[in-house]
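Line by line, the protein sequences give chains A and B.
Residue numbers for the first sequence follow this note's numbering, beginning at 201 and rising by one.
Residue numbers for the second sequence follow this note's numbering, beginning at 11 and rising by one.
Beta carbons are placed, not taken as given, at the ideal position from N, Cα and C, and that holds for glycine.
Notes follow once the structure below has been shown.
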Amino acid sequence: MAQMIIRLTPELVLMVTAFVVIGVDLYTRRRIARRLLPGISIVGLILAAVAAMAQWTVREPVAGTLAADAFAFYFKVVAAGLVIVVILAGTAYMQQRTRFLGEFYALLLAATVAVYIAVSANDLITLYLALETLSILSYVLTGFLRGDRRANEAAVKYFLYGAAASAVMLYGFSLLYGLTGTTQLEEIAQRLLAGEVTSELNWLAWPVVVLSLVGLGFKASLVPFHQWAPDAYEGAPTPVTMFLSTVSKATGFAVMARLLVIALPTLSQYWLALLYALSILTMTLANVIALRQENVKRMLAYSSVAHAGFILLGLVAITGLGSAQPFTGLDGVLMYVLGYTITNVGAFAVVAAVEDARGSTTLDDFAGLIHHSPFLAAAMLIFLLSLAGIPPLAGFVAKLFVFAPVIRSQYYVLAVVALVNAVIAAGYYLRVVKQMFFVPGDAATSTWRLARGMEVALWACLIGVFAVFFFMNGFTTWTVDAASAMLGL
Amino acid sequence: MLNTYAVVGLFAVVAFTFPFITLLMARMLRPRKPNPLKNSTYECGMETIGDTWVQFRAQYYLFALIFVLFDIELIFLFPWAVAYNRLGLFALVEMALFIGMLALALVYAWRKGILEWQ
Chain A
201 MAQMIIRLTP ELVLMVTAFV VIGVDLYTRR RIARRLLPGI SIVGLILAAV
251 AAMAQWTVRE PVAGTLAADA FAFYFKVVAA GLVIVVILAG TAYMQQRTRF
301 LGEFYALLLA ATVAVYIAVS ANDLITLYLA LETLSILSYV LTGFLRGDRR
351 ANEAAVKYFL YGAAASAVML YGFSLLYGLT GTTQLEEIAQ RLLAGEVTSE
401 LNWLAWPVVV LSLVGLGFKA SLVPFHQWAP DAYEGAPTPV TMFLSTVSKA
451 TGFAVMARLL VIALPTLSQY WLALLYALSI LTMTLANVIA LRQENVKRML
501 AYSSVAHAGF ILLGLVAITG LGSAQPFTGL DGVLMYVLGY TITNVGAFAV
551 VAAVEDARGS TTLDDFAGLI HHSPFLAAAM LIFLLSLAGI PPLAGFVAKL
601 FVFAPVIRSQ YYVLAVVALV NAVIAAGYYL RVVKQMFFVP GDAATSTWRL
651 ARGMEVALWA CLIGVFAVFF FMNGFTTWTV DAASAMLGL
Chain B
11 MLNTYAVVGL FAVVAFTFPF ITLLMARMLR PRKPNPLKNS TYECGMETIG
61 DTWVQFRAQY YLFALIFVLF DIELIFLFPW AVAYNRLGLF ALVEMALFIG
111 MLALALVYAW RKGILEWQ
C-alpha cells in the first residue's frame, strides 16, 4: 500500500496541485490569483518530475495495471518540463484572451496526469481510459477561447475525429481481448507466444494491429489520421497548440511503443510493415503540403505531422531485443521525442509572441522580425535550424539516432525517402528565415517588449536545444536506460 | 469457440423478436374503444400551446451537467452502501475521497455563480 503510494507520487502531486489551483482560483482575488497560479502549477510540475526522477532505477508493476519503469519516468520528466514551458510562455497570451485562467492551469495539469497514467499504463483498459481522459481534456483546451469561432471549429473537428478514432481503437482492443482473454499487456504477449491462439483465428492479427493503430496514430497524428491536426493546431490557442504538438504527440508514441513492444512482439511482422508504410506516407504528404502554407502556425502544424513520420523511423528499425546499447531504434524514438519537442515548443512560443504583437501569424507578419525583436528572430532561426536537423542542435541529434538504426537494419529505401524529406522540410523552414531577416516589414520599426515568462521559456528552450547536442552522451545514457526497460533488459 | 458465439447469436435473435411478438399479441388481445379523452396526451405533461419547435435556454444544460454529477455519485454509492460491512475502512476512505472530489465540483459551480438563474 505504502509502496504503491510512493510509486504514484508523481501523479498524486499533480492531482493535488490541480485541486489547489482550482481552490486558490475560487477563493482569492483575481489580481492575486493571476500572480499565484502559474507559480503553484510550476512548483507542482517540478515536484512531480523530481518524484519521477528519484525512482529512475525502479522497475515493477504498480497495482497490476501500471508499470513503474525508466521508460515511463523518462516521458514523465520530459512532459513535466514541456508543460512548464507551456505555462511560462502561455500565461501572458492567455491573460489577454480569457478570464478563466485558473481553469486553464487546472485543465493543463489534469491533462498532464492523464499523460502520466497513459505512459505507464500496462493494461488495455487503463491505457484506453488514460488516453480518453487526455483526449477529452485536449478537446476542451482546444476550444478554450469560447468567443473565437476558429477555436470552436477546431475543437469540434478534433472531437469528432477523436471520438471516431478511439471507438475504432477500442474495437481493436476488444478483438485482442477476445483472442487472448486478458487485458494485461505482458499476459497478452505470453498467450500469443504460447500458441494458445488457435490457427483458425490467425486472420484476426491484421485487424487487431490495424484497428489499434488507428487510435494511436490519431494521437500521434500520423497520415492518414492527421486531418484534424492542422485545423486543431491552427485554431487552438497557441499555448494549447504547444501542448498538443509536443506532450500529446509524445504520449501517442510512448503508448504505441509500449503496446507494440510489450504486448504484440509476436505480431511484429504485421506492425513493422504497416509502420514502414505509414512513416513514408506521413513524412512525404505532410512535407509537401507544408511547402504551400502561407500561415506559419499552420505550416508548423504540418511540419509537426511530418516529424511524427521521422519518429516512426525508430520504431520501424527497432532491433537489438537483447542489447543495452544506443541505436536500437527504440532509444532513437526517445531521443527524437526529446529533441523534437524541445525545439517545437520553442518555435510555437515564438509564434505566440508574434501573434500577440501582430494579431495573426501569416508569413507577412514575420517580415522584418529582426527589426522588431532581434532576440525573437534569432531564437526562431535556431529553432527552425534545429527542426531542419542541422548541427550543433537538438534536431540533428534526434535525426542521427533514428537514421543510424534505419541504415543498420538496411532499410535503404526508407533512409533515402527520409533524407529527401529532410531537405524538403529545410526548404519551408528557410522561407520563414528569409521573411524574418531579409524581407523589410512595415516602415515603422517599433521594438516589441516580451513578457517575462515568455523570455524565460525561450531561454529554457534555447539552452535545451544546445544542451541535447553538447551533452549527447548524458542524454544517451538516459534514453538507452529507458529503452532497455522496455526491451526487458 | 463457435458454439459460444452461437448462444450469443440465438440470444440476439430472441432479444430482437421478443418485443415485436409481445406488441403484436397486445394488439390482437386488447379491446379497442377510442374516445377523445383517451387519445389525449397523458403522463408526459400537457398539450402544447403553439409550436413545439422553440428554442430552449442554453442555461438548462449547466443544470443537466450538475445533475449528472449527482447521478453518477448515486450509482457508485448504492453498491458501496450495500456491501458496506464487508468493504471496511479502505472503501470508506475511497468513498470519502470520491464524494470530496464531486463536492469540490459543486463548490466550483457555486462559486462561479452557475447555480444562479440569469
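- For A:Ile206, not one C-beta of chain B is nearer than 8 Å to its own C-beta.
- Taking 8 Å as the CB threshold, A:Phe359 stays off the interface with chain B.
- For A:Leu266, the enclosing beta strand (DSSP E) has its first and last residue at Leu266 to Ala268.
- At least 8 Å separates the CB of A:Phe425 from every CB of chain B.
- In this structure the segment 431 to 449 of chain A does not lie against the segment 386 to 394 of chain A, because fewer than three pairs of beta carbons, one per stretch, are closer than 8 Å.
- By the rule that beta-carbons nearer than 8 Å mark a contact, B:Leu114 touches chain A.
- Residue environment for A:Thr561: buried (at least 16 other C-beta atoms within 10 angstroms of its C-beta).
- Take the alpha-carbon of A:Ile246 and the one of A:Gly641: they are about 40 Å apart.
- Residue pairing for A:Glu260: DSSP places it in a beta bridge opposite A:Ala268.
- In chain order, Val617 place their CB closer than 6 Å to the CB of A:Ile480, counting only its own chain and leaving out the 5 sequence neighbours on each side.
- The C-beta of B:Leu39 has fewer than 16 other C-beta atoms within 10 Å across all chains shown, which makes the residue exposed.
- Scanning B:Val117, B:Tyr71 and B:Phe108 for the CA closest to the CA of B:Ile85 turns up B:Phe108.
- Scanning the segment 570 to 646 of chain A from its first residue to its last, the whole alpha helix (DSSP H) runs of 4-plus residues come out as 574 to 588, 594 to 608 and 612 to 638.
- Going by DSSP, A:Gly509 is part of the alpha helix (DSSP H) stretching over Val496 to Val516.
- Under a criterion of Cβ atoms nearer than 7 Å, the residues of chain A adjacent to B:Tyr118 are, in order, Ile222 and Leu226.
- At least one CB atom of chain B sits nearer than 8 Å to the CB of A:Phe219.
- Annotated three-state conformation of A:Thr541 is helix, per DSSP.
- Residue-level contact check: B:Arg121 touches chain A, since one or more beta carbons of chain A fall below 8 Å from its beta carbon.
- Within its own chain, the residues whose Cβ lies closer than 6 Å to the Cβ of A:Gly532, once the five positions on either side in sequence are excluded, are Gly514, Phe601, Val602 and Pro605, listed in chain order.
- At least 8 Å separates the beta-carbon of A:Leu464 from that of A:Thr679.
- About 20 Å separates the CB atoms of A:Val550 and A:Phe596; that is not less than 8 Å, and the two are not in contact.
- Pairing A:Ala351 with A:Phe344, the inter-Cα distance amounts to about 7 Å.
- In this structure, the straight-line span from the alpha carbon of A:Leu307 to that of B:Ala119 is close to 16 Å.
- Ranked by Cα distance from A:Gly378, the options A:Gly302, A:Val356, A:Val408 and A:Lys357 are led by A:Val408.
- Straight through space, the alpha carbons of B:Val24 and B:Lys43 are spaced by roughly 32 Å.
- Contact check between the segment 228 to 239 of chain A and the segment 270 to 280 of chain A: fewer than three CB pairs, one atom from each, fall below 8 Å, which does not count as touching.
- Here B:Trp90 is near B:Leu97, since their CB atoms are less than 8 Å apart.
- The Cβ atoms of A:Leu331 and A:Lys419 lie closer than 8 Å to each other.
- With a beta-carbon spacing of about 14 Å, A:Ala594 and A:Ile511 fall beyond the 8 Å limit used to define contacts.
- Take B:Met35, set aside five residues on each side of it, and no residue of its chain has a beta-carbon closer than 8 Å to its own.
- Around A:Val461, the same chain offers Met686 as residues with beta carbons nearer than 6 Å, after the five sequence neighbours per side are excluded.
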